[in-house]
Amino acid sequence: MSGGGLLVAGTTSDAGKSVVTAGICRWLVRRGVKVAPFKAQNMSLNSFVTREGAEIGRAQAMQAQAARVEPTALMNPVLLKPGSDRSSQVVLMGKPVGEMSARGYHGGRQEALLGTVTDCLEQLRSTYDAVICEGAGSPAEINLRRTDIVNMGIARAARFPVLVVGDIDRGGVFASFFGTTALLSAEDQSLVAGYLVNKFRGDVSLLEPGLDMLYGLTGRRTYGVLPYAHGLGIDEEDGLRVSLRGAVRESVVAPPHGEDVLRVAVCAVPLMSNFTDVDALAAEPGVVVRFVDRAEELADADLVVVPGTRGTVKALAWLRERGLAEALVRRAAEGRPVLGICGGFQVLGERIEDEVESRAGVVDGLGLLPVRIRFDRAKTLARPVGSTLGEVVEGYEIHHGVADVRGGEPFLDGCRVGSVWGTHWHGSLESDGFRRRFLEEVARAAGRRFVPAPDTCFGVLREEQLDRLGDLVEEHADTDALWRLIEGGAPPGLPFVPPGAPPLGAGAGAPESRGAAPDPAPQSPEGLEMGRPEALGEARKSHGPDVSQPAEATPQVLENAGSAGLGQEAEQHVDEEAL
């Protein structure tokens, strides 16, 4: 018998779907429910590597931690990693299968994956008591509904009730709730059980008349009003929302352990990925982390971090255009600390040979580390463990670049020259002992009387944040009603809210009449089934897929008319067999 479930949708991107999903998972596991998170399709530059060597969205890894289960590729079968405004790398069941334009993906490839994502969901449902799904963007993206596999498409396939989250801090939440519902077809609306208000400030009694009016307009109740909570600090979906200037990662409110603070500047490079690497620094009392995009903003920094990126050559050009490259070279000559992580490590090297990501050929790096980088079509996905500065370190690797280290002192998988460090390892700063030793080295080189606190445990702090999410749900949502939804589905007889889904535009497929259910979701075309989990009957007994032996990848070039571009037909390099 399959377990119950719920789809957490949102009125907009960044409405709070990820944190609400995590909070519900933590609330459920604390009451003894075996629960798993799920997001059919994620678009994010913030990713994670599971123990099986699969790449998934970092938000789903965080939600798995909230549920106290090991993350697997089942929890995020499709991951899209933007490489430009016009194309994304498609990661299927944890393995990259190629680059694709938006039109190429939404023009048929996406709906072909519906079988894959529903099979993954069914595997989770057969193993867990409940599966809490996260949607993407808004379920009322009327131009994309026909090919949707992450919002109402997956809700209808699984017959899951839908809870719509709205961020009241942005304003317009009542219009957003109403409009989201009213733009859905009758069958989709029948699954929309109600709403959850997120980030509320003030007296809830002042909000209640509006919630009553919303019920009168839609026939749907509000399942909770979550207050605005500062300093949650959980893993976000991607770095595109990070302001390029003046953004500061929220840190613990605690005075420095020593006499000085330590100022960390993070270069907000284009296509910044895994910017959560610096969260462990922000967790240290007395460490202030900010994102910068001007050379003068590096002047008072004690440590400059060049983070990961999905566009190493593009990031290098950006650093040069803004004068940041010159400032980094000057810092290195002065013996002032610089740390490069993954793409940032590659930028600091002598030379980059890239015929894969940018296809720019040979490009000179900043020359701060004796390293030469060659991009390989195969992506390195690993969970390494090592020892540096006398401390055990754990991390994870996600990169196409292969480093040829030709000198310097060993530093994890990279090297160190003076006060410049470089490594491909993400997450290394979450190892407490190593982080303390590293910050001691930085403070010494920077001439700061900063002393790391001896008892900061990043893992404990993260657990406390996840418990705070669970507390928000438990204290401010109607958990009994939520459990009835998860166990029994959407309430019967929910009224239709006109006008319903509009007809689809010409060339977008068969029209969908107002208030009518669209045609059933298309079946996966022949030849596009390789990404589906194999041997479902046996695999459903386990917690995750076997991703140790991916299908042979034979990239094929799909030649389409037009130039490469988002919303345009593009030359696409995709492993169609894997799709």
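Sequential numbering from 4 applies to the sequence shown in the numbering used here. A virtual CB, placed ideally from N, CA and C, is assigned to each residue, including glycine. Remember, it's a predicted structure, so these values are computed and weren't measured experimentally.
For residue i, the nearest candidate out of the options (CA to CA)
i      : options                           : result
Gly35  : Gln63, Ala70, Arg54 and Thr24     : Ala70
Gly7   : Val388, Arg323 and Gln126         : Gln126
Ala336 : Val309, Gly436 and Gly370         : Gly370
Arg162 : Pro506, Arg149, Ile489 and Pro502 : Ile489
Val201 : Leu194, Ser193, Val195 and Leu210 : It should be pointed out that residue 201 corresponds to Asn in this sequence rather than to Val. Cα-wise, what sits closest to Asn201 is Leu210.
Val269 : Gly450, Pro373, Gly311 and Thr53  : Gly311
Arg375 : Val359, Glu358, Ser361 and Ala406 : Ala406
Lys98  : Ser90, Pro142, Asp122 and Ser50   : Ser50
Gly197 : Phe203, Gly219 and Gly205         : Gly219
Pro2   : Ala39, Gly492 and Met46           : A question about residue 2 goes unanswered here, because the residues of the chain that appear run from 4 up to 582.
Gly261 : Ala484, Gly289 and Pro387         : Gly289
Asp3   : Arg447, Val22, Gly473 and Leu392  : Residue coverage of the chain in this structure runs from 4 to 582, which leaves residue 3 outside it and unanswerable.
Ala160 : Asp481, Gly118 and Thr391         : Gly118
Arg333 : Leu485, Ile355, Glu299 and Gln349 : Glu299
Gly175 : Phe203, Gln192 and Leu187         : Phe203
Ala385 : Gln349, Cys345 and Glu394         : Cys345
Val72  : Tyr131, Lys84 and Asp17           : Tyr131
Burial state of residue i (16 or more Cβ within 10 Å)
i      : result
Gly227 : buried
Pro495 : exposed
Thr14  : buried
Gly398 : buried
Gly326 : exposed
Ser276 : buried
Glu467 : exposed
Pro259 : buried
Arg248 : Legend: pLDDT at Arg248 = 34, less than 50; position of this residue unreliable, value from coordinates given subsequently. By the 10 Å Cβ count, Arg248 comes out exposed.
Asn146 : exposed
Arg451 : buried
Met2   : The requested residue 2 does not occur in the structure, where the chain is confined to residues 4 to 582.
Ser434 : buried
Pro164 : buried
C-beta atoms of residue i and residue j nearer than 8 Å
i      : j      : result
Ser422 : Val341 : yes
Leu469 : Ala25  : yes
Leu124 : Phe41  : yes
Arg465 : Pro455 : no
Leu351 : Gly404 : no
Val292 : Ala285 : yes
Thr184 : Val195 : yes
Leu442 : Glu287 : yes
Leu214 : Leu166 : no
Leu229 : Gly86  : no
Ala493 : Ser179 : no
Phe378 : Val359 : yes
Cut-off 6 Å between Cβ atoms - residues of its own chain near residue i, not counting five sequence neighbours on either side
i      : result
Ser545 : Any reading at Ser545 is ruled out, since the residue's pLDDT is 34, under 50, leaving its predicted position unreliable.
Ile27  : Ile135 and Val476
Ala43  : Val120, Ile152, Val153 and Ile157
Val94  : Glu58 and Leu82
Leu306 : Val267, Pro340 and Val445
Val316 : Asp357, Ser361, Ala363 and Val366
Gly347 : Val309 and Pro310
Residue span of the beta strand (DSSP E) that contains residue i, given as start and end
i      : result
Ile171 : Ile171 -> no beta strand (DSSP E), and no H or E assigned at all.
Arg590 : Residue 590 lies beyond the stretch modelled for the chain, which goes from 4 to 582, so this question has no answer here.
Val195 : Val195 to Phe203
Gly389 : Val388 to Thr391
Arg162 : Element bounds for Arg162: n/a, residue is neither H nor E.
Pro506 : First-last for Pro506: undefined, no H or E at that position.
Thr426 : Val423 to Thr426
Ser104 : Lys98 to Ser104
Leu82  : Val81 to Pro85
Ile152 : Here Ile152 belongs to no beta strand (DSSP E), and DSSP marks it neither H nor E.
Thr53  : Unbroken run through Thr53: none, as it is neither H nor E.
Ala39  : Val38 to Phe41
Residue i - containing alpha helix (DSSP H), residue span
i      : result
His479 : Phe461 to His479
Leu486 : The sequence shown places Trp at residue 486, rather than the Leu named in the question. Segment Thr482 to Gly491, the alpha helix (DSSP H) holding Trp486.
Ala283 : Asp282 to Ala285
Pro212 : Val207 to Thr221
Val454 : Note, Val454: premise wrong, no alpha helix (DSSP H); not H, not E.
Spatial neighbours of residue i in its chain, beta-carbon cut-off 7 Å, leaving aside the 5 residues before and after
i      : result
Ser431 : Val396, Gly398, Leu415 and Phe437
Val463 : none
Ala232 : Arg471 and Leu475
Gly138 : Leu10, Val11, Ala12, Gly13, Lys20, Val153 and Asn154
Pro553 : With a pLDDT of 31 at Pro553, under the threshold of 50, the modelled position of this residue cannot be trusted; read the value that follows with caution. So the qualifying residues of the chain are Lys98.
Asp303 : Arg266
Trp30  : Gly473, Val476, Glu477 and Thr482
Pro212 : none
Residue i Cβ short of 7 Å to the ligand COA heavy atom set
i      : result
Arg224 : As far as ligands go, the structure on display features none, and thus does not contain the ligand COA.
Sequence-distant residues of the same chain with beta carbon closer than 8 Å to residue i, five excluded per side
i      : result
Thr383 : Glu400, Ile401, His402, His403, Val405 and His427
Gly410 : Pro373, Cys418 and Val420
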